[in-house]
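A.B. asks:
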Amino acid sequence: QKYTEQDIRQMVQDNQVEFLRLMFTDINGIIKNVEVPIDQLDKVLANKVTLDGSSIDGFVRIEESDMLLYPDLNTWLIFPWGSEHGKVARLICDIHMADGTEFAGDPRNNLRRIVREMQDAGFTSFNIGPEPEFFLFKMDDKGQPTLNLNDNGGYFDFEPVDLGENCRRDIVLELEKMGFEVEASHHEVAPGQHEIDFKYADAIEAADNIQTFKVVVKTVARKHGLHATFMPKPLEGINGSGMHVNMSLFKNKDNVFYDQNTKNGLSQTSMYFLAGLLDHAIGMTAINNPTVNSYKRLVPGFEAPVYVAWSGKNRSPLIRVPSARGAGTRLEMRSVDPTANPYLTIAAILHSGLEGIKAAQLPVAPVNRNIYTMDETERHQNKIYDLPATLHNAIQALKQDDVVRKSMGEHLYKSFIDSRELEWAAYCQTVSQWERDQYLKRF
Ligand code: ADP
Ligand code: MG
Ligand code: MG
Ligand code: MG
Ligand code: MG
């Protein structure tokens, strides 16, 4: 436990905190806030702030709408940007039922359930290092986002043309004030696109960090007159935004993915875990890539994976084993994009990996060739299968995968499927400009 109630009361006083933002995440990964004035602190700390669950996507039916916010004191932080009304602090909360029991439809509670499963299997932490990418677009006079990029820079571009660089530097500074350890920040391949990498953390903290990161990026960008978006593919013809997920299992101080006695330094456990990930990669795609637009990124030619395969040599497959060994030994899942609910994604990955360890089967052979030059027959001979190409296919694949379903629990599974099917149905009702351009004159 990082902070006690007493610490929090002290920090409120010392920093003149005036408002408290109680944060949680709905099923679609959207961050929700209940903001209370600081005179409600006693109520907050006593877990007595209520929430109307029926107003939140995927939570509960109207008959049972009264829910409680249980703040996680370890997530306390004061936002570094001021407000004329005083400082704002936040606490991330778990959602409980009116009778005090954990609410199963809360993605954060659910991830804690999977973490307990990991502890029962004898491991102490699941370290996650995310690499979120985002675009910065100019805003118009009315403060609405445009599709005009703020620069023409490219990967690792140091030219003055990179106007987004100031904004990104500011984002990094604010993150550091909030306790993030930023390891790298750079311009991405596409113009206007950026990546900021922060140090890995254990499952729940990592998911919390991802959510906090998004708030900081959007807030700081707005101050620069820019709109930051984590939409996976905002522009055609250039790379989309992913969120590679680096992962490793630890037993106390030891990275159990590492084994100095094997030829490649990878432990048997890591190979079993990898086999579990490959087995359920298709089933968990709806979780990792939950929007219609996610599938516009998962196409050939833009550095995003399209097939289920792994490699320790090239950087393009679904799962890569980066060359670091020792404490840095890890697997990197490259399909995930930043619209994923990080609590659900980490739960699905961890549960699938643990199932792999239980099954104790080695994965198929790595693919060190360019998959994109193989034809379908050759791919199937090498046991390389396609990731779902649409949200619809991904939902169908999730319905076929009991392991991934168990990683969510029934409540979350049902509301997730409902929510994704609604989105797909809404999309199917639309007719795009591309279709009019293709067909209006031709037929
Ligand atoms: P890439 O080479 O794919 O661009 P980056 O260097 O951008 O990778 O990001 C690497 C990420 O992996 C960082 O978030 C880092 O903290 C994380 N990482 C390093 N070691 C581990 C580990 N053992 N387990 C999980 N994540 C790790
Ligand atoms: Mg990177
Ligand atoms: Mg890097
Ligand atoms: Mg990148
Ligand atoms: Mg990466």
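Counting along the sequence shown from 1, when you hit position 408 you're at 566 in the numbering used here, and nothing is skipped either side. C-beta atoms are modelled at their ideal positions from N, C-alpha and C, and glycine is treated no differently.
1) What is the DSSP secondary structure of Leu432, reduced to helix, strand or coil?
2) Less than 8 Å separating the beta-carbons of Ile250 and Thr233?
3) Met532 lies in the alpha helix (DSSP H); which residues open and close that run?
4) Beta carbon of Ile286: closer than 7 Å to some heavy atom of ligand 1?
5) Got a list of residues with beta-carbon closer than 6 Å to any non-hydrogen atom of ligand 4, in chain order?
6) Residue ranges of each beta strand (DSSP E) run of no fewer than 3 residues wholly in the stretch 226 to 288, ordered along the chain?
7) Between the stretch 352 to 363 and the stretch 173 to 182, do three or more beta carbon pairs fall short of 8 Å?
8) According to DSSP, Trp582 sits in a beta bridge with which residue or residues?
9) Relative to the alpha-carbon of Val246, which residue among Thr304, Met169, Gln519 has its alpha-carbon at the smallest distance?
10) Where does Pro463 land, buried or exposed, given buried means 16+ other C-beta within 10 angstroms?
11) Within 7 Å: the Cβ of Gly486 and any heavy atom of ligand 1?
12) Tell me whether Phe574 sits in a helix, a strand or coil according to DSSP, three-state version.
13) Alpha carbon to alpha carbon, what distance is there between Arg563 and Val403?
14) Got a sec: does ligand 1 put a non-hydrogen atom nearer than 7 Å to the Cβ of Phe356?
15) Relative to ligand 5, is the shortest distance from any of its heavy atoms to the C-beta of His606 smaller than 7 Å?
16) Give the list of continuous beta strand (DSSP E) stretches no shorter than 3 residues that lie fully inside the stretch 405 to 452.
17) Going by Cα to Cα distance, which pick from Leu549, Ile188, Asp299 is closest to Arg578?
18) For Pro521, which residues of its own chain have a beta-carbon under 7 Å away from its beta-carbon, when the five flanking residues on both sides are left out?
19) State the Cα-Cα distance for the pair Ile553 and Thr531, rounded to the nearest angstrom.
20) Could you check if Ser406 belongs to the surroundings of ligand 1, using beta carbon to heavy atom distance under 7 Å?
21) Just to confirm my understanding: we take Pro500, look at its own chain, exclude 5 residues before and 5 after, and list those with CB closer than 6 Å. What are they?
22) Apart from the five residues just before and just after His352, which ones in its own chain have a Cβ nearer than 8 Å to its Cβ?
23) Here's the rule I'm using: 16 or more other beta-carbon atoms within 10 Å means buried, otherwise exposed. How should Leu305 be labelled?
24) When you compare each of Gly470, Ile196, Asp230 to Gln159 by their alpha carbons, which one comes out closest?
25) Taking only heavy atoms of ligand 1 into account, decide whether any of them is closer than 7 Å to the Cβ of His438.
26) So for Phe460, helix, strand or coil by DSSP?
27) For Asp315, which residues of its own chain have a beta-carbon under 6 Å away from its beta-carbon, when the five flanking residues on both sides are left out?
28) In terms of residue numbering, what span does the beta strand (DSSP E) encompassing Arg179 cover?
29) Could you give the DSSP three-state label for Ser399: helix, strand or coil?
30) Give every residue of the same chain whose Cβ lies closer than 6 Å to the Cβ of Thr194, excluding the five residues on either side of it in the sequence, and list them in chain order.
31) How many angstroms separate the CA atom of Gly486 from the CA atom of Arg478?
32) With distance defined between alpha-carbon atoms, name the residue in Ser452, Ile196, Pro303, Phe217 nearest to His243.
33) Taking the beta strand (DSSP E) that Phe356 falls in, what are its first and last residues?
34) For Ala342, is the beta carbon positioned less than 7 Å from some heavy atom of ligand 6?
35) Relative to the C-alpha of Asn410, which candidate in Ser283, Gln164, Arg271 has its C-alpha closest?
C.D. replies: Looking at the atomic coordinates:
1) Helix at Leu432.
2) Yes, these two residues count as a Cβ contact at 8 Å.
3) Taken as a continuous stretch (DSSP letters only), Met532 belongs to no alpha helix (DSSP H), as it is neither H nor E.
4) Placement of the Cβ of Ile286 at a distance of less than 7 Å from at least one heavy atom of ligand 1 is found.
5) Ordered along the chain, the selected set is Glu289, Glu291, Glu346, Glu353.
6) Counting only unbroken stretches of 3 or more residues, the beta strand (DSSP E) elements lying wholly within the stretch 226 to 288 are 245 to 255, in sequence order.
7) At 8 Å Cβ cutoff, the stretches do not touch.
8) Note: Trp582 sits in no beta bridge, so no partner.
9) For the residues Thr304, Met169, Gln519, the minimum Cα distance to Val246 belongs to Met169.
10) So Pro463 ends up on the buried side.
11) Yes, since a heavy atom of ligand 1 falls inside the 7 Å radius drawn around the Cβ of Gly486.
12) DSSP, reduced to helix, strand and coil, places Phe574 within a helical segment of the structure shown.
13) Near 20 Å, if we compare the C-alpha coordinates of Arg563 and Val403.
14) With a cutoff of 7 Å, Phe356 counts as near ligand 1, since its C-beta is closer than that to a heavy atom of the ligand.
15) Since the first residue shown for the chain is 159 and the last is 601, residue 606 is missing from the structure and cannot be characterised.
16) Listed in chain order, nothing qualifies, since the stretch 405 to 452 has no complete beta strand (DSSP E) run of 3 or more residues.
17) Checking every option, the nearest Cα to that of Arg578 belongs to Leu549.
18) A distance below 7 Å between beta-carbons, with the five flanking residues on each side excluded, links Pro521 to the following residues of its chain, in chain order: Met429, Leu432, Ala433, Leu436, Trp468.
19) Their backbone Cα atoms lie some 28 Å apart in a straight line.
20) It does: the Cβ of Ser406 is within 7 Å (strictly closer) of some heavy atom of ligand 1.
21) Result list for Pro500: Ala365, Ile368, in chain order.
22) Residues Glu291, Phe292, Phe293, Leu294, Gly322, Arg326, Ser343, His344, His345, Glu346 of the same chain have their beta carbon placed closer than 8 Å to that of His352, with the five preceding and five following residues left out of the count.
23) Classification of Leu305: exposed, given that the 10 Å Cβ count is below 16.
24) Closest by alpha carbon: Asp230.
25) Not under cutoff, so the answer is no.
26) The answer is coil: DSSP assigns Phe460 none of H, G, I, E or B.
27) With a pLDDT of 49 at Asp315, under the threshold of 50, the modelled position of this residue cannot be trusted, and the question is left open.
28) In the DSSP annotation of this structure, the continuous segment of the beta strand (DSSP E) that includes Arg179 starts and ends at 175 to 183.
29) Look at Ser399 here: in three-state DSSP terms it is coil, with no helix or strand label.
30) As written in the sequence, residue 194 is Val, which differs from the Thr given in the question. Only Leu178 meet the Cβ criterion.
31) Distance between the alpha carbons of Gly486 and Arg478 is about 14 Å.
32) Among Ser452, Ile196, Pro303, Phe217, the Cα nearest to that of His243 belongs to Ile196.
33) That run of the beta strand (DSSP E) goes 351 to 356.
34) Ligand 6 is absent from the structure shown, which contains only ligand 1, ligand 2, ligand 3, ligand 4 and ligand 5.
35) Asn410 has its Cα closest to that of Ser283, out of Ser283, Gln164, Arg271.
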